[in-house]
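Undergrad:
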Amino acid sequence: MASPSSPFADLSSALADMVARASPHVVEVQSHRSLASGFFWREGLVVTPDETLAEEGKIEIELADGKVLEAKLVGRDPATDIALLRVEGANADAVAFGSDDVRPGALALIVAAAESAPLVAFGAIAAVGPAWQSMRGGTIDTRIEMDVRLRRRAEGGLAIDGSGQVFGMAVRGPRGRTLVIPAATIDRVAGQLAEYGRVPVAYLGAGLKDVPLDAGGSGVMVMTLDRAGPAAAGGLQQGDIILSWAGKRMPHVGALLHMLRATPVGSQVTLGLRRGGSPIELGITIGDRPAK
Numbered sequence: 000m001a002s003p004s005s006p007f008a009d010l011s012s013a014l015a016d017m018v019a020r021a022s023p024h025v026v027e028v029q030s031h032r033s034l035a036s037g038f039f040w041r042e043g044l045v046v047t048p049d050e051t052l053a054e055e056g057k058i059e060i061e062l063a064d065g066k067v068l069e070a071k072l073v074g075r076d077p078a079t080d081i082a083l084l085r086v087e088g089a090n091a092d093a094v095a096f097g098s099d100d101v102r103p104g105a106l107a108l109i110v111a112a113a114e115s116a117p118l119v120a121f122g123a124i125a126a127v128g129p130a131w132q133s134m135r136g137g138t139i140d141t142r143i144e145m146d147v148r149l150r151r152r153a154e155g156g157l158a159i160d161g162s163g164q165v166f167g168m169a170v171r172g173p174r175g176r177t178l179v180i181p182a183a184t185i186d187r188v189a190g191q192l193a194e195y196g197r198v199p200v201a202y203l204g205a206g207l208k209d210v211p212l213d214a215g216g217s218g219v220m221v222m223t224l225d226r227a228g229p230a231a232a233g234g235l236q237q238g239d240i241i242l243s244w245a246g247k248r249m250p251h252v253g254a255l256l257h258m259l260r261a262t263p264v265g266s267q268v269t270l271g272l273r274r275g276g277s278p279i280e281l282g283i284t285i286g287d288r289p290a291k
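Residue numbers for the sequence shown, in numbering that gives the first Met the number 0: 0 to 291.
(1) Rounded to whole angstroms, what is the Cα-Cα separation between R287 and E194?
(2) Beta-carbon separation of D49 and A82 under 8 Å?
(3) How many angstroms separate the CA atom of L84 from the CA atom of G275?
(4) Are the CB atoms of G234 and V25 nearer to each other than 8 Å?
(5) Is it buried or exposed, W40, if we count other Cβ atoms within 10 angstroms and call 16 or more buried?
(6) How long is the line joining the alpha carbons of T284 and A63, rounded to whole angstroms?
(7) For the candidate residues G65, A70, F38, L44, whose alpha-carbon lies nearest to that of A53?
(8) Tell me the DSSP bridge mates of Q294?
(9) With a CB to CB cut of under 6 Å and the five nearest residues on each side skipped, what residues in its chain are close to L207?
(10) Whole angstroms is fine: what's the gap from V188's alpha carbon to V221's?
(11) For I185, count neighbouring Cβ atoms within 10 angstroms of its own Cβ and tell me buried if that reaches 16, exposed if not.
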């Protein structure tokens, strides 16, 4: 005789079904005695947390069927904690992202991999906030924190909401917090890594210094210029004082650098300046920082 159903049993069964559906997309990533998880972002391309990868040495992935394959590093972005690997010979489908519009208090799963078996954590969305910058300057489109303990080898697992939609990748944040890199950030950064092997970094090509203004307040003076850089190409001159960036007041260098980091390479920005006592505006096309 079948046991009577209950809401708890139904929930348990639904969660197990979601794990079973997600597991084929998830892999274990082995890198110089480090074990973590990752997932197929596109055919033959695996996303995994950058911080879990060794600086050099062999990288292997273990599929859900137990098959072990060598992986090649396509590119990595420490600023957003995203690395992209290329794997040949893997018969695995890429994951389909859903919306990363999650709410605090909603229940969610993390599905990772360990020794070709699912490794699962279950908890609530603890906090959701606006876009933020990591300690290394990377822009994360949404701040998502989960109230769940994340094992080291579960880093890189898929974060899945109550409807079974994947909304990001679980990583270990500062002070033991479990953060989720949202789908929008993964698509943006992994796409750049796939195309360029790195993430283009916004570059102005000017040495800057805070200066007080005669009328009160402060601005940002151009002290030096890279003659081959975008600032010089756009007409910026030594001695110019930058007062605004796309209409936003720029009281100090820190504010300007914050805006620069958040501006895509190739975008045109209008700078409000004071030159020789007169106000002017210049359009500058943001460049890509030259390789060292």
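Backbone N, C-alpha and C define an ideal beta-carbon position, used for all residues, glycine too.
TA: Answer, in terms of the structure:
(1) In the sequence as presented, Arg is not what sits at residue 287; that position holds Asp. For D287 and E194, the distance between alpha carbons rounds to 14 Å.
(2) In contact: D49 and A82 (Cβ atoms closer than 8 Å).
(3) 52 Å
(4) no
(5) Label assigned to W40: buried.
(6) If you draw a straight line from the Cα of T284 to the Cα of A63, it comes to about 46 Å.
(7) A70
(8) Here the chain has residues from 0 to 291 only, and residue 294 is not among them.
(9) V219, V252
(10) One alpha carbon belongs to V188, the other to V221, and they sit about 31 Å apart.
(11) I185 is buried by the Cβ-count criterion.
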